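Here's the structure we're looking at; comments come further down.
In the working numbering, the protein residues as written are 59 to 966.
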């Protein structure tokens, strides 16, 4: 190596001896040369000429010689060819030369320095070539790497400084040279000379000030991992050619400021230029900070005097002074983009902004990235509360309740924690806080610390509310009054002026309104509580009008969907032309609407009960019950229908002819109540059904009485009184035919056919169910048609026509699946499996049983699951061909018959 690095590949013997044996010679150079010939046969000659060791070898076999040849060739070329030669030369360098255990014990400092200088020289040539080829990004990247390795190298410092000059950043260039002199020294005076060349005449240089303005009293919650990771990706290692800007936005009290301060404090080592911090007072009791006021503070902290005292002059001075300094600027509680824009630092710096507003203008014009800070989920909120209050959560239901009622807001949790810490340790403290938060009228009073304006949730929320226009304030109150967890645009239009989009935008920009789905909105519970306090200040007529329009809007839309689910149903639902009504033409559309509004309708019923609105109290449950049946929510159906029954009684007692439901209407409510209880397998179903029938008879309502007979028939069938059920169905059939009610006739025929199957009268059963199917086809009642198909499948199965039975059951399964009626599909899958096994189609039967198992699991139906397991035992190992197992599974005692029984009439 010594010979290779020596001029002409000739190294003096004295240099070789000193390098190999720094503590005295162990052998002669001649002896070492002889050993070298043995281990390096590729070396052509090793000669001794006048006290020197001279090598003769192929340059292609030695990396440093290849590098030198490429670097020399590059000096006689230009452009891309030069760049490629230098890139290839640098590729030969594999880390710091002559380092590692194999080089220990030798005196090679001179050779290491020589190689390091050659490496640096090649890097500098390569950087010049990158500039010539306008490879700016690679130039920046490679120069940064080179400066990390040789931080004070004059050639590299000169390249960096001149590049900054070319980018129009002369003051930053001078500052960079000054920093290099301070941090790395200037033994040869080259950097001092460079600084003097760059410094304008008459200028003086001061040591740069590193500001450290970040408040130190921030709480480390360590619960925003994903957001902190995103901030790391966005803000650490800012590009020298631009400034990185991130906006943390979210509702009041969600923890934006805490996150910003915590993140900035834990990453301070990444910002060698320091941290500037300003509370912009965008939302609060004081006047918002003026940009000029903040800039004055920043420039003082930076030790810079602005030559021009105007706002524009200060902006220019600030950006020049900060450019390239790896400085972090934290702008907390910003009011809007106009307040922030003058405070953004120069390129190469980083800005972290917090605001209740979405600062869309910064995204559009400054390329900012917005990060939404959301409330904590329930588990995280419990952990935060436990940590702040020094509690042991351990699933404590009081802690869970408090965290939930605090809405996951960091500020609310901090207030609660302070309240707990200030009181003697006792479960009664937690219980009292929980009770105060549970009640809406005391919730915000509980989230308040005396004498601390910024630790009062009501006050903090008011700062956002006060920024709204008068119309937006009213709209927020109206939306908060809506009983559901979410509200769609049509419902908003029903309670407000038609053109509400601008005001919705105003609310959304301040995070007072969320849009979790397209044109579907949500209000945080604490904002709702605050807005309802404001709503109470409206006059009583405005409140009553809002209630009526909300409830009427829900009723009319639910009625439109219910008519699709149950064609032919009759109810006295008035239609208001000025209320928007959803357009639904398919069962799927109707079901989806009910799914979205299910929680809203249940709460709306409770709201109607609370305000004494009996009209909506009885009608809303009646148009909602069928959907609840389809979803197996029989207990909820019973709950709201009990309210409906009481409301009907009160209205009929009042006798207000303009809105009084008839006895037939009351009978209908009790028929639905009986059906719900029947779905719950409650013995109280018979009492409700008997009352419904008696009300219809007393009113002379033959149509309702006929459906009353069908209801009794259903109950008799479940009691295995098939003959009694047949009598009730025949009575209903006779009345429907006399009245010319085709749908009622079909319902009676379908139920009658089911009872006849159980009695073994298959021919008549076939005739009746076929007639019912023909009527259902006319009116496109998919649900009723699917029910009738199940009965027809049973007829075929009892007749021994297993192939036709399987085909019919399969059709019914497909219909139920379209309706998303798991509680109907599951027992039909069981019937299909029974038929398939009996027909020696074991694989298909097992698939049907598996599907039934999945459905019953989703429904949490233990009885259904037990029946499936029983059938699996009976049929699961059935042979694919040959004799079927001896069983009466297709008869009246089959598992599917036990699960399915007879179905309640859903139409009226």
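Even for Gly, the Cβ is constructed at its ideal location relative to N, Cα and C.
Predicted model, so just to flag it, every value in this text is computed and none were measured.
Three-way DSSP call (helix, strand, coil) for residue 579 in this model: Looking at residue 579 - three-state DSSP - the assignment turns out to be strand.
Please report the Cβ distance between residue 249 and residue 238, rounded to the nearest whole angstrom; I am assuming they are in contact, meaning their Cβ atoms lie under 8 Å. Between residue 238 and residue 249 the Cβ distance is about 6 Å, and since that is below 8 Å, they are a contact.
Go through the region 411–461 residue by residue and report every complete run of the alpha helix (DSSP H) that reaches 4 residues or more, in order. Qualifying alpha helix (DSSP H) stretches, in chain order: 418–424, 436–447.
Inter-stretch contact (C-beta, 8 Å, three-pair minimum) for the region 658–676 and the region 741–753: Fewer than three Cβ pairs drawn from the region 658–676 and the region 741–753 lie within less than 8 Å of each other, which leaves the two stretches out of contact.
In its own chain, which residues sit with a C-beta less than 8 Å from the C-beta of residue 917, not counting the 5 before and 5 after it? Correct list, in chain order: 690, 880, 881, 884.
Helix, strand or coil: how does DSSP classify residue 254 here? In this structure, residue 254 counts as helix in the three-state DSSP scheme.
Quick one: Cα of residue 723 to Cα of residue 792, how far? So the alpha carbons of these two residues sit roughly 22 Å apart.
Just to confirm the assignment, what range does the alpha helix (DSSP H) spanning residue 504 have? Per DSSP, residue 504 belongs to the alpha helix (DSSP H) from 498–504.
Suppose you measure from the CA of residue 256 to the CA of residue 391; what does that come to, to the nearest Å? Whole-angstrom Cα-Cα distance: 40 Å.
Verify the CB distance criterion: does residue 485 have a CB-CB separation below 8 Å to chain C? Among the chains of the structure shown, chain C does not appear; only one protein chain is present.
Three-state secondary structure (DSSP) of residue 333: Shown here, residue 333 sits in a strand according to DSSP, grouped into three states.
Compute the Euclidean distance between the alpha carbons of residue 464 and residue 418, then round it to the nearest angstrom. For residue 464 and residue 418, the distance between alpha carbons rounds to 29 Å.
Looking only at C-alpha atoms, which of 336, 316, 878, 886 sits nearest to residue 869? Comparing Cα positions, the closest option is 886.
Tell me the rounded alpha-carbon separation between residue 943 and residue 928. With a pLDDT of 35 at residue 943, under the threshold of 50, the modelled position of that residue is not reliable, and the figure given next carries that caveat. Rounded to whole angstroms, residue 943 to residue 928 spans 14 Å at the Cα level.
Inter-residue Cα distance where the pair is residue 151 and residue 195: Straight-line Cα distance between these residues: approximately 22 Å.
Residue 394 (DSSP reduced to helix, strand or coil): Residue 394 carries a coil assignment under DSSP once its states are collapsed to helix, strand and coil.
In whole angstroms, what separates the C-alpha of residue 502 from that of residue 697? Going by the C-alpha atoms only, they are around 31 Å apart.
I'd like the list of long-range same chain contacts for residue 830, defined as Cβ closer than 6 Å, with 5 residues on each side in sequence excluded. The residues are 804, 807, 808, 846.
Excluding the 5 residues preceding and the 5 following residue 764 in the sequence, name in chain order all residues of the same chain whose CB lies nearer than 7 Å to its CB. Cβ-Cβ distances below 7 Å link residue 764 to 790, 793, 794, 802 in the same chain, with the five nearest sequence neighbours on each side left out; the list follows chain order.
Between residue 767 and residue 796, is the Cβ-Cβ spacing less than 8 Å? Taking 8 Å as the Cβ cut-off, residue 767 and residue 796 do not qualify as a contacting pair.
Is it buried or exposed, residue 518, if we count other Cβ atoms within 10 angstroms and call 16 or more buried? The residue is buried, with at least 16 neighbouring Cβ atoms inside 10 Å.
What's the C-alpha gap between residue 571 and residue 548? Approximately 16 Å, taken between the alpha carbons.
Alpha helix (DSSP H) containing residue 569: first to last residue? Taken as a continuous stretch (DSSP letters only), residue 569 belongs to no alpha helix (DSSP H), as it is neither H nor E.
So what does DSSP say about residue 343, is it helix, strand or coil? The three-state reading of DSSP puts residue 343 in coil, since its state is none of H, G, I, E or B.
Is it the case that the Cβ atoms of residue 539 and residue 588 are separated by a distance below 8 Å? No.
Which of helix, strand or coil does DSSP assign to residue 302? Reduced to three states, the DSSP call for residue 302 is strand.
Contact set for residue 270: own chain, Cβ-Cβ below 7 Å, skip 5 residues either direction: Only 332, 333 meet the Cβ criterion.
With burial defined as no fewer than 16 other Cβ atoms inside 10 Å of the residue's Cβ, what is the status of residue 326: buried or exposed? Residue 326 comes out exposed.
What is the DSSP secondary structure of residue 388, reduced to helix, strand or coil? DSSP places residue 388 in strand when its eight states are reduced to three.
What does DSSP give as the partner residue(s) for residue 639 in the beta ladder? BP columns for residue 639 are empty, so no partner.
By how many angstroms is the C-alpha of residue 408 removed from the C-alpha of residue 908? Those two C-alpha atoms are separated by around 58 Å.
Alpha helix (DSSP H) runs contained entirely in the region 718–775, provided each spans 4 or more residues: Within the region 718–775, the runs of alpha helix (DSSP H) that reach at least 4 residues and sit entirely inside it are, in chain order, 721–737, 743–757.
Tell me which same chain residues have a C-beta within less than 7 Å of the C-beta of residue 254, skipping the five on either side of it? Apart from the 5 residues on each side of it in sequence, residue 254 has no Cβ closer than 7 Å to any other Cβ in its chain.
Tell me which same chain residues have a C-beta within less than 6 Å of the C-beta of residue 950, skipping the five on either side of it? Interpretation of residue 950 is limited by its pLDDT of 35, a score under 50 that renders its predicted location unreliable; no figure is taken from the coordinates.
In this structure, how does DSSP classify residue 562 when only helix, strand and coil are distinguished? Residue 562 falls in the helix class under three-state DSSP.
With DSSP collapsed to three states, give me the class of residue 307. Here residue 307 sits in strand by DSSP.
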